[in-house]
Every structure is written in C-alpha cells, then in structure tokens.
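Step one of this worksheet: look at the structure below.
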Amino acid sequence: APGHRDFIKNMITGTSQADCAILIIATGIGEFEAGISKDGQTREHALLAFTLGVRQLIVACNKMDTCKWSEDRFNEIVKETSGFIKKVGYNPKSVAFVPISGWHGDNMLEESTNMPWYKGWTKETKAGASKGKTLLDAIDAIEPPTRPTDKPLRLPLQDVYKIGGIGTVPVGRVETGIIKAGMVVNFAPSNVTTEQIRWGYTPVLDCHTAHIACRFDELVEKIDRRTGKVMEQSPKFVKSGDACIVKLVSQKPICVESYSDYPPLGESCV
C-alpha cells in the first residue's frame, strides 16, 4: 500500500498545517485493494486528514499506465473511494478525481492523450461548481480558507532549525492573528519571551564596581562571533546570540578605561 506506516508521524505533522489534501491512489492491480483494506494506509490517511481538520480533498489515481489506461479500472476506483471517503466525512461530490501517471506525466500539468475517454473532473462546493482536466487544475480550484487575522497570534511550531550566520529559525504556520518583524512573542508552555536589542534600549551596565544605566545610542555593525567579519552595517536590531559593535551613552558619569590598556576597568556586561 502507498505510504509506509513508520512515517505516519511525518504525515500527521504536515497534514495538521494543510488547507487541502491530495490522496494518492495506486491503481495497480492489488495495490489499490491493499490501500483500502482494513489496515491500509490509503484509508488511514483519508481518516487522519479529515480528523485533523482538512476539509478539501483531491483524489489522484496514479499509475494509470500500469493498468493500460483502463477506464473501467478508473471508474471502479472512483466508486470504491467515494464510498469510504463518504464514511470518513467527505462529500464525494466536492472531491475532484483525476487519473494520472506520475511516471509519464499524464494529466499532471497537461491533458493526457492516453485517456481520451476522460472528460475531466467536476466538483460542487458552497462556493459553486468548478471543473477541469488536470491535477494542476484541481489544485488551482482549491478554495482559499478565511484567516482569522483579528484574533491573537497562534503559531504551532513544526520544527526549529539552526542556520549558520542566521541563527535559530522556528518554522510553523500562522493559524490566527498576524506576525511582523520586531514583534515580541511568547513561547508556550515554557513561557519564554523573545528579546531584541534596538536603538534606545536602556539597560543597566555593570562595569567594575559601577552599575549605571546606559542607552544603546547606535548599533554600528553586526559581526561574526568567530571571525569578527562584518555581517551587517547599522542593523535595526540584534538578538540573543548575536555579536555586534555598539555605541553606548551612560546616563550618569562613569569612570572607564580602554580595555587594551586596563582590562579590569574596560570589561562590562549588560
């Protein structure tokens, strides 16, 4: 059966962030039957997609070349598949069924000449009826869902990547609200808050025995922590883990020395 059970976790992760699912059916003799059997992956994938909130579905009947582009085989699969996706919760009338061959490219982007009997797919939704011939047409007919941008930001994290020269990059989909550069966000359940240093930020600077408030007057340049190479001139902000050269203005008089001459009197931390 298409799809390996060991990778079902990855399928769930992707499906939970999808607006539409494409259910790939293997039309080969024995393959389709194995997929829709009691423990088949085709049946399980359709059930998981509906359970995870994906309400738009496209059924692509692949490997039509292995059954000699048979119209009877396609109609048989459409009938059987319509039955079990209806039990899952989908309305077969709102689902596009497309016979394709991924190997040969038939009905993927352009109409196939190997299946002259295929007149195209039609589907009916609340937005109206639509029709097409290829899998690309079916994808183009997906109805964009409404996004509740007026609600507070909610962004489930799918993964976190650490990219050299950039830093930590969280990846996910904005479910509600909006996200913009410079926003302070809270990560649950650890309640960690993002922090950025910008012009005007005024923390307490510790230098030898003094504790003085200092304002970040200018972010001169962001540099590579390992090589010292300049990465960005006049950055708008810096975040945890960045290295940069800044101009600080003390809010009160403070005695400091050049670090190269008197390290103990030139070391400081924010």
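Residue numbers (full-length UniProt numbering): 1 to 270.
Cβ coordinates follow ideal geometry from the N, Cα and C atoms, glycine included.
Check	Outcome
When the Cα atoms are used, what is the spatial distance from Asn62 to Ala26?	5 Å
Can you tell me the Cα-Cα spacing of Ser234 and Val220, whole angstroms?	5 Å
So, do the segment 76-84 and the segment 113-129 have three or more beta carbon pairs nearer to each other than 8 Å?	no
For Asp19, which residues from the same chain have a beta carbon less than 8 Å from its beta carbon, with the 5 sequence-adjacent residues on both sides left out?	Val54, Gln56, Ile142, Pro144, Pro145
Using DSSP's beta-bridge definition, name the partner residues of Phe220.	Residue identity differs from the one stated: residue 220 is Val in this sequence, not Phe. In the DSSP output, where bridge partners are listed per residue, Val220 has none listed.
I need the straight-line Cα distance from Ala1 to Gly40, nearest angstrom please.	A caution first: Ala1 carries a pLDDT of 36, below 50, which makes its placement in the model unreliable, though a value can still be read off. Using only the alpha carbons, I get a separation of about 6 Å.
Confirm, please, whether the CB-CB distance from Ile223 to Ala243 is below 8 Å.	yes
To the nearest angstrom, how far is it from the Cα of Glu267 to the Cα of Tyr259?	6 Å
Ordered along the chain, which non-local residues of its own chain (more than five positions away) have a Cβ less than 8 Å from that of Val95?	Leu57, Ile58, Val59, Ser82, Ile85, Lys123
Buried or exposed for Ala46, please, with buried defined as at least 16 other CB atoms from any protein chain shown within 10 angstroms of its CB.	buried
Using 8 Å as the threshold, is the C-beta distance between His104 and Asp65 below it?	yes
Is the beta carbon of Glu175 less than 8 Å from the beta carbon of Trp199?	no
Does the distance from the CB of Leu265 to the CB of Leu205 come in under 8 Å?	no
Assign Pro263 to buried or exposed, taking buried as 16 or more other Cβ atoms, counted over all protein chains shown, within 10 Å of its Cβ.	exposed
Which partner residues does Glu232 have in the DSSP bridge list?	Lys222
Could you tell me if Phe187 is buried or exposed, where buried requires 16 or more neighbouring beta carbons within 10 angstroms of its beta carbon?	exposed
Roughly how many whole angstroms lie between the Cα atoms of Lys38 and Thr15?	21 Å
Mind checking if Lys162 is an interface residue toward chain C, Cβ cutoff 8 Å exclusive?	Of the protein chains in the structure, only one exists, and it is not chain C.
Could you check the C-alpha separation between Val192 and Gln17 for me, to the nearest Å?	23 Å
For Gly177 and Lys252, what's the separation of their Cα atoms in angstroms?	42 Å
As a quick exercise: from Pro148, Met108, Thr149, Leu155, pick the residue whose alpha carbon is nearest that of Asp137.	Met108
Could you check where the alpha helix (DSSP H) with Gln41 kicks off and where it finishes?	41-51
Could you please give me the residues that DSSP links to Trp199 through a beta bridge?	Partner(s): none; Trp199 has no beta bridge.
Gly228: which of Asp150, Leu23, Ile245, Met183 sits nearest, CA to CA?	Ile245
For the beta strand (DSSP E) that contains Lys162, what are its first and last residues?	157-163
Could you give the DSSP three-state label for Ala138: helix, strand or coil?	helix
Using CA atoms only, rank isn't needed, just tell me which of Gly241, Phe7, Met115 is closest to Lys162.	Gly241
DSSP puts Asn75 in a beta bridge; with which residues?	Note: Asn75 sits in no beta bridge, so no partner.
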